[in-house]
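These notes are about the structure you will find just below.
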Amino acid sequence: MEYIVLTGIADSLIEVLKKHYLRTLEIRNPQNFIGVLGLNAGDSVLLTSTSLQDLAEGTSGLVAKVVQKQVSVHSIVSSSDFYIEEREAMSARIQLECKCIARVRSVISNELGKPVRVDAREISCYEAR
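Residue numbering for the sequence shown follows my numbering, starting at -6 and increasing by one per position.
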């Protein structure tokens, strides 16, 4: 099955999601943010601790269902007597529901500025690879 992938997710966070079933993540990484923009409630997403550059056939991760998605913009204004500086940062919050573990069969798209997509299959807990 084809999934959008969020890469570089902390192992500890993946373990928490496995145990607590439903969790909300805040995504600030630009590549993962682009991936989240391609998701809607009800879609499945693959989360892996593997970095974007190391994503390859055989990479395993957690498949989760998107329950909610929220995109927000944070504006920060700072000033002194000589300047006024305004910065904006975008982030996305997604609430995920744990579904299963999967292993990547092939990387479909891994281009900068586009969602990372893979073909992956669910794996059973008794598979030993």
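Each residue gets a CB set at the ideal place from its N, CA and C atoms; glycine is no exception.
Query, Result
"Does the count of Cβ pairs from the segment 28 to 44 and the segment 95 to 113 closer than 8 Å reach three?", "yes"
"Roughly how many whole angstroms lie between the Cα atoms of A121 and V60?", "Because the pLDDT of A121 is 49, which lies under 50, any placement of that residue in the model is unreliable, and the question is left without a value."
"In three-state terms, what does DSSP make of A121?", "Since pLDDT at A121 reaches only 49, below the 50 mark, its modelled position is unreliable, and the value read off the structure follows with that caveat. Note: A121 maps to coil in three-state DSSP."
"Do I20 and S84 have their C-beta atoms within less than 8 Å of each other?", "yes"
"Tell me the residue span of the alpha helix (DSSP H) that contains Q46.", "Here Q46 belongs to no alpha helix (DSSP H), and DSSP marks it neither H nor E."
"Which value, in whole angstroms, describes the spacing of the CA atoms of T41 and V70?", "35 Å"
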